[in-house]
Amino acid sequence: MNEFFDPLTLSRWQFGLTTLYHFIFVPLTIGMCLLVAILQTAWVKTGKAKYLRLTRLFGKIFLINFAMGVVTGIVQEFQFGMNWSNYSRFVGDIFGAPLAMEGLIAFFFEATFIGLWIFGWDKLPKKIHLMTIWFVWLGTVASAYFILAANAFMQNPDGFTINEERGRAELESIGAVLTNPVAVTQFPHTIFAAVMFAGVVVVSTAAWHLRRGQYLDEMRTALRFGAWTNLIAFMGVGLTGHSLGMVMTQTQPMKMAAAEAHYETSSGADASFSLFSLGTPDGAHEIFSIRIPYLLSFLSNGTFDGSVEGIRDLQAEYTARYCGADSLLTCPTDGQFAPIIWVTYWAFRWMIGLGALAALVSAVGLWITRKKMDLPDWAWKVAIWTAPLPMLASLVGWIFTEMGRQPWIVFGVMTTEQGVSPGVPGWAVLISMLVFTIVYGALAVVEFKLITKAAKEGPPEIARSTDADGKPGDVDHQQLATVY
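Take 0 as the starting number for the sequence shown in numbering that gives the first Met the number 0 and just add one per residue.
If you want it as structure tokens, here you go:
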């Protein structure tokens with residue numbers, strides 16, 4: 000019963016649940032904003048009404064998701080003071096800087112131009128109005144970078160000094176924080192993953208309508224546009240993921256070792272990557288696996304003859320480094336420096352597998368729709384149900400990123416158990432977690448229904464003005480102002 004009300008365990012569950020829930024909306028916002036901007040650019044360049052209709056359809060989905068993301072994101076910042084006050088006090092001087100920049104610079108920039116885009120259809124020149132949605136996207140990716148820079152400090156702390164008199168970390172170089180190699184490599188990886196998610200949402204929406212023979216011209220274009228987007232973004236995810244993996248090996252070698260359940264230091268052919276592995280219940284020994292020689296060495300070092308440190312050697316190294324007589328903040332109570340092996344091992348593989356499956360569906364879809372769209376019903380169903388795959392890949396990717404860092408809340412500086420609020424009882428955390436879960440669950444239902452409704456409604460009709468002779472003219476911009 001005492002374990003059930005353990006404040007540390009409950010605080011970790013609460014933060015994990017609310018953060019993952021919020022992150023459902025983040026990649027779709029980032030990716031869909033870019034796709035809407037591209038579609039609107041195509042309309043401005045070609046004048047074809049189908050691109051405008053698709054802009055309006057997916058622009059509506061983008062706005063619904065954006066609003067829900069803002070609502071759920073507010074809770075994240077409050078939790079640092081609620082359940083993680085020791086952490087907030089210790090690193091607030093550094094961690095707060097990129098978060099403040101995100102709120103005061105990127106978010107307000109984004110919010111300003113999203114307002115101009117929503118209300119400027121009949122008030123701004125066509126090209127100026129197009130510029131606003133591109134600025135929205137720039138603000139969105141800037142927000143993502145500042146947040147990733149804050150997270151990167153937890154993965155690879157840099158640009159700070161410890162004030163021993165005050166017992167806290169203090170900012171020494173904001174440049175070092177913003178150019179952290181983890182942030183620099185994690186940023187494009189995250190953006191490409193977001194674009195993948197948006198691409199399959201476009202594919203899923205188009206497939207739903209094509210299955211019913213609706214809006215054929217628009218949805219044929221949307222289907223192939225979304226599939227190409229997903230496929231190209233997947234290649235970007237793979238390339239940037241390799242770069243991120245090498246940085247992770249340099250900054251957090253235990254995370255890479257745990258991702259492979261790699262217990263003994265090895266190199267060359269022995270540094271193999273297991274596609275599938277079964278181990279003992281304690282995760283300490285392998286029973287059976289299917290392996291690719293040299294691949295782990297390549298993923299970790301970029302070469303086929305590099306050395307990859309094992310969990311046991313790293314455990315001994317960290318114990319000597321962080322559990323000595325002079326260590327005040329960095330030694331876990333149980334003395335264990337490895338995360339939960341099976342979580343990191345399988346999260347890493349699910350991340351890759353789900354993303355690859357979504358890309359495979361897109362590649363097959365592009366091939367079989369080269370000349371025709373009269374596909375069997377099951378093919379449309381597969382396309383429709385591909386939508387959640389990149390989202391789930393992103394979620395398990397963040398589980399791998401954050402749980403693979405354990406037992407640290409700031410790697411090598413502060414353990415998670417030392418960052419929790421000391422005066423908050425477990426029952427209080429449990430109550431707030433249940434409230435958040437219920438509220439977020441209700442919001443999830445609302446979000447799903449609103450986006451599903453918008454997607455099923457399809458692209459709206461577009462009224463056109465008439466010239467003096469009664470012939471159709473340009474798009475009626477007064478009517479466009481009522482879109483959202």
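Glycine residues also receive a C-beta, built at the ideal position from the N, C-alpha and C atoms.
Distance from the CA of G411 to the CA of F24, rounded to the nearest whole angstrom, comes to 31 Å.
Taking a contact as a CB-CB distance under 8 Å, the pair G225 and A193 does not count as one, their CB atoms being some 14 Å apart.
In this structure, the alpha-carbon of L170 lies about 46 Å from that of S203.
By the C-beta density criterion, D157 is buried, having at least 16 other C-beta atoms within 10 angstroms. Around the beta carbon of V444, a 10 Å sphere encloses fewer than 16 other beta carbons of the protein chains shown; the residue is thus reported as exposed. Short of 6 Å from the beta carbon of D216, and not among the five residues preceding or following it, lie these beta carbons of its own chain, in chain order: K49. For E169, the uninterrupted beta strand (DSSP E) segment begins and ends at 167-170. K59 counts as buried, since no fewer than 16 other beta carbons sit within 10 angstroms of its beta carbon.
Assigned with DSSP and collapsed to three states, N150 falls in helix.
If you compare the alpha carbons of I430, P338, A143 with that of W407, the shortest gap goes to P338.
When secondary structure is reduced to three states using DSSP, R369 falls in the coil class, being assigned neither helix nor strand. Around the Cβ of T45, a 10 Å sphere holds fewer than 16 other Cβ atoms; the residue is exposed. The DSSP-derived three-state label of S266 is strand. A Cβ-Cβ separation of about 6 Å places A221 in contact with L53 under the 8 Å criterion. In the structure shown, F303 falls within a coil segment according to DSSP collapsed to helix, strand and coil. The beta carbons of E263 and L295 sit no closer together than 7 Å. The C-beta distance from V423 to P6 rounds to 6 Å, short enough to fall under 8 Å. Counting other Cβ atoms within 10 Å of its Cβ, K448 stays below 16 and is therefore classed as exposed. By the C-beta criterion, the stretch 91-104 is judged to be in contact with the stretch 143-160, since at least 3 inter-stretch pairs fall below 8 Å. Classified as exposed, V434 has fewer than 16 neighbouring CB atoms from the shown chains inside 10 Å of its CB. In the DSSP secondary-structure assignment, N162 is bridged to R167. Of the residues F79, V181, V360, L313, the one whose Cα lies closest to the Cα of Q154 is V181. Given a length threshold of 4 residues, each whole run of the alpha helix (DSSP H) inside the stretch 191-273 is given here in chain order: 215-250, 252-258.
Around F159, the same chain offers I93, A168, E169, L170, E171 as residues with beta carbons nearer than 7 Å, after the five sequence neighbours per side are excluded. In the three-state scheme derived from DSSP, where H, G and I count as helix and E and B as strand, V409 is classed as strand.
When the five nearest sequence neighbours on each side are left out, the beta carbons in the same chain lying within less than 6 Å of the beta carbon of C330 are those of Y321, C322, in order along the chain. Comparing alpha carbon positions, the residue from D121, W133, L123 closest to E109 is W133. The beta carbons of F186 and A232 sit no closer together than 7 Å. R348 has its alpha-carbon roughly 36 Å from the corresponding atom of G457. Boundaries of the alpha helix (DSSP H) harbouring W426: 425-456, taken from the DSSP string. A392 is positioned such that its CB atom lies no closer than 7 Å to that of V199. Residue pairing by DSSP places T343 in no beta bridge whatsoever.
Burial is judged here by how many other beta carbons sit within 10 angstroms of a residue's own beta carbon; G440 has fewer than 16 and is exposed.
Between the alpha carbons of V419 and V428 lies a gap of roughly 11 Å.
The residue among A257, P292, W426, D312 with its C-alpha nearest the C-alpha of G403 is A257. For S10, the enclosing alpha helix (DSSP H) begins and ends at 6-45.
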